[in-house]
Amino acid sequence: MGGIIHAYYDCVSPYSYFAFVHLQRVRDKLASYGVTVESHPIFLGGIMDRSGNTPPWKVPAKAKLGQLELARGIKYWNVEPFTQPDFFPILTIFPQRALTYIKHTYPLTQFEKILDLYWQWFFYQHLNISKPDVLRQLLVSPAAGFSVEQADEIVTAAMDKKWKDALTAKTQEAIDRGAYGAPFFWVVKSEGGKVLGEEPFFGSDRFHQIWDFLELQWEDFKLLPRIEAKL
Ligand SMILES: N[C@@H](CCC(=O)N[C@@H](CS)C(=O)NCC(=O)O)C(=O)O
1 MGGIIHAYYD
11 CVSPYSYFAF
21 VHLQRVRDKL
31 ASYGVTVESH
41 PIFLGGIMDR
51 SGNTPPWKVP
61 AKAKLGQLEL
71 ARGIKYWNVE
81 PFTQPDFFPI
91 LTIFPQRALT
101 YIKHTYPLTQ
111 FEKILDLYWQ
121 WFFYQHLNIS
131 KPDVLRQLLV
141 SPAAGFSVEQ
151 ADEIVTAAMD
161 KKWKDALTAK
171 TQEAIDRGAY
181 GAPFFWVVKS
191 EGGKVLGEEP
201 FFGSDRFHQI
211 WDFLELQWED
221 FKLLPRIEAK
231 L
């Protein structure tokens with residue numbers, strides 16, 4: 001049994017980061033089962049609009065419980081000191097278009113490094129990567145490793161209709177597959193190159209169900225034996 005996990009992410013989404021981190025951590029294990037992971041940049045604002053959903057931070061009850069769930073998520077995924085900046089949320093259409101261009105132009109490892117850096121800059125350093133000058137700084141930072149010329153080319157491409165349309169098409173693909181938020185996954189189960197089934201999943205809290213669907217052995221948490229009181 002094998003398969004592919006298509007992971008749809010937007011850098012404004014903390015839960016997308018949790019999912020990304022987890023899939024990076026278990027990637028080798030997944031590969032040993034013949035399961036690969038492909039990340040796709042999408043525009044969450046477009047998903048919200050076109051699926052008829054409302055951003056959770058605009059629904060008072062979701063915004064309230066959301067703060068608690070976010071804090072729990074940060075602890076559970078062990079990603080401290082991840083925090084939401086005061087200027088959250090940002091309009092991510094520009095960085096997500098740039099990412100779309102990077103994915104199609106540079107090696108996938110470079111694309112994933114930049115995706116990770118988006119979250120590092122936004123949620124750890126509280127830098128507004130929706131601003132082209134900040135994005136340019138990110139691209140030429142030593143961790144990203146692009147030259148000034150490459151950063152210019154990426155920022156120019158992010159304003160180009162071709163990459164705008166490519167991001168729109170990828171966002172629409174996610175909607176057509178059932179997305180109403182992020183992270184969203186389209187999981188394909190296969191054996192010997194034959195597709196046995198495909199299903200959508202929503203959220204960084206659905207991995208146990210993805211593993212079940214892929215018929216993988218999983219161990220998410222263990223209930224430990226009761227600690228007897230020492231007399
Ligand atoms: N329970 C999910 C929540 C994910 C979530 O709230 N995602 C936000 C974006 S960061 C979203 O798209 N929400 C849409 C919705 O909840 O309807 C998880 O743990 O990952």
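Residue numbers for the sequence shown follow the UniProt record's numbering, beginning at 1 and rising by one. Note that the Cβ used here is the ideal one computed from N, Cα and C, for glycine as well. Just so it is clear, the structure is predicted and the values come from calculations on it, not from any experiment.
- Note on geometry: alpha-carbon atoms of Ala61 and Glu69 lie some 12 Å from one another.
- Only residues of its own chain outside the window of five on either side were considered, and among them Tyr8, Ala174, Phe202 have a CB closer than 6 Å to the CB of Phe184, listed in chain order.
- Here DSSP, grouped into helix, strand and coil, assigns His40 to strand.
- Glu112 carries a helical assignment under DSSP once its states are collapsed to helix, strand and coil.
- Annotation for Ser13 indicates a beta carbon within 7 Å of some heavy atom of ligand 1.
- Straight-line measurement puts the Cα of Pro14 at about 15 Å from the Cα of Leu65.
- C-alpha of Tyr17 to C-alpha of Cys11: approximately 7 Å in a straight line.
- When C-alpha distances from Lys162 are compared across Arg97, Gly73, Thr36, the shortest belongs to Arg97.
- Collapsing the DSSP output to three states places Ile90 in coil.
- In terms of Cα proximity to Asp205, the closest of Phe20, Gly3, Gly2, Ile4 is Phe20.
- Distances from the CB of Pro56 to the heavy atoms of ligand 1 include at least one below 7 Å.
- The shortest C-alpha to C-alpha distance from Ala182 to any of Glu149, Val188, Glu191, Thr171 is the one to Thr171.
- A straight line joining the alpha-carbon of Leu91 with that of Trp121 spans about 15 Å.
- With a threshold of 16 other beta carbon atoms within 10 Å, Phe87 falls short and is exposed.
- Tyr8 is bridged by DSSP to His40, Phe184.
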